[in-house]
Amino acid sequence: MTRAFHYAFALFLASAAAQASEPVPWAFGFQAAASPTMARITELATLVNVVIIAIVALVTALLGWCLWRYHEKRNPVPATWTHNTKLEIAWTAIPTLILFLIAFPSLKLLYFMDRTQAAEMTLKVTGHQWYWSYDYPDHNLKFDALMTQEADLRPGQLRLLTTDNPVVLPVGVAIRVQLTADDVIHSWAVPALGLKTDSVPGRLNETWVRIDRPGTYYGQCSELCGVNHGFMPIMIHAVPKEQFTAWLDEARTKFAARPPQVALSGESAR
1 MTRAFHYAFA LFLASAAAQA SEPVPWAFGF QAAASPTMAR ITELATLVNV
51 VIIAIVALVT ALLGWCLWRY HEKRNPVPAT WTHNTKLEIA WTAIPTLILF
101 LIAFPSLKLL YFMDRTQAAE MTLKVTGHQW YWSYDYPDHN LKFDALMTQE
151 ADLRPGQLRL LTTDNPVVLP VGVAIRVQLT ADDVIHSWAV PALGLKTDSV
201 PGRLNETWVR IDRPGTYYGQ CSELCGVNHG FMPIMIHAVP KEQFTAWLDE
251 ARTKFAARPP QVALSGESAR
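Sequential numbering from 1 applies to the sequence shown in this note's numbering.
Spelled out as structure tokens, the structure:
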């Protein structure tokens, strides 16, 4: 019964609007999970929400009962007791147990998110003002990704989320993601994949991802990084391994034939 309620509540959080891999108007809850990490984040959030709702309901009920039971008309003579040792022990011990209930799965998730040693390939991400650079060190491939200007969007492409060179990654492969920056702090975040890691100048941060199904996943820089912070989209195409191999061959030719497209200050916000 508890498991059924758990999944029912998770379904409630994942509203119809959240089934897409991009933000939509009036969305409620999370985007549909497309990686094991995001699936576990959703489960933990569901657990925490269930606990919070139960506590709010209990406290509200107790408050209402106290207002009714100890109303002045029902108690013309005020009580003279000042404390209750057993009750005080209970309301200290029970919240402690609840915190352990929340902390244990949270710590498990943190360790799960740190399993970069099992990666099968590496993607290096570098944040700039205001675009991203991507390096596939295992495949000798580098390119920049700039936001596609609104005037250049094709039908079906998303405003402020489409890039000229999307990241292409294989489905079902554990990928180490290394992140840094060459100017200020950025944050590489893709909600449907459960990714959000800071890109810090002079530091190499690591995370990992395994994408469960093909699709296009969107994100944005999530650390205020300057005037054009809102124009640093992330666009990921997840494809089967065979298509990824074919894309690598095409990409090596494409990006070897032209220099990186470096955005000048203010250019990405035209």
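Ideal Cβ placement from N, Cα and C applies to all residues, glycine included.
Keep in mind the model is a prediction, meaning the values are calculated, not measured.
Task: Exposure label - Asp182; buried when at least 16 CB within 10 Å - done: exposed
TODO: Provide the residue span of the alpha helix (DSSP H) that contains Ala32, from first to last.
DONE: No alpha helix (DSSP H) holds Ala32; DSSP gives it neither H nor E.
- [ ] Compute the beta-carbon to beta-carbon distance between Thr126 and Ser199, rounded to the nearest angstrom, for a pair I have assumed lies under 8 Å.
- [x] 7 Å
Open item on the list: If you follow the beta strand (DSSP E) that Ser187 is in, where does it begin and where does it stop?
Closed with: 186 to 190
TODO: Find out if the Cβ-Cβ distance for the pair Ile234, Val184 is shorter than 8 Å.
DONE: no
- [ ] Inspect the beta-carbon positions of Ser35 and Gly172 and report whether they are closer than 8 Å.
- [x] no
Open item on the list: Quick check on the DSSP output: the alpha helix (DSSP H) that includes Arg252 runs from which residue to which?
Closed with: 241 to 256
Task: In DSSP terms, what Thr180 is bridged to - done: Thr126
Open item on the list: Quick check on DSSP: helix, strand or coil for Asn165?
Closed with: coil
TODO: Within 10 angstroms of the Cβ of Cys66, are there 16 or more other Cβ atoms? Answer buried if so, exposed if not.
DONE: exposed
Open item on the list: At the level of alpha carbons, what is the spacing between Asp144 and Thr162?
Closed with: 13 Å
- [ ] Work out the CA separation of Pro170 and Gln243 for me, nearest whole Å.
- [x] 8 Å
Open item on the list: Please state the DSSP three-state secondary structure of Glu88.
Closed with: helix
- [ ] Quick one: measure Cβ to Cβ for Glu206 and Gln178, integer angstroms, because I've assumed they're closer than 8 Å.
- [x] 5 Å
TODO: Could you tell me the boundaries of the beta strand (DSSP E) in which Ser222 lies?
DONE: Note, Ser222: premise wrong, no beta strand (DSSP E); not H, not E.
- [ ] Report the rounded CA-to-CA distance for Gly29 versus Val77, giving the unit in angstroms.
- [x] 50 Å
Task: Trp281 - partner residues in DSSP beta bridges - done: In the structure as shown, the chain starts at 1 and stops at 270, and residue 281 therefore has no counterpart that could be examined.
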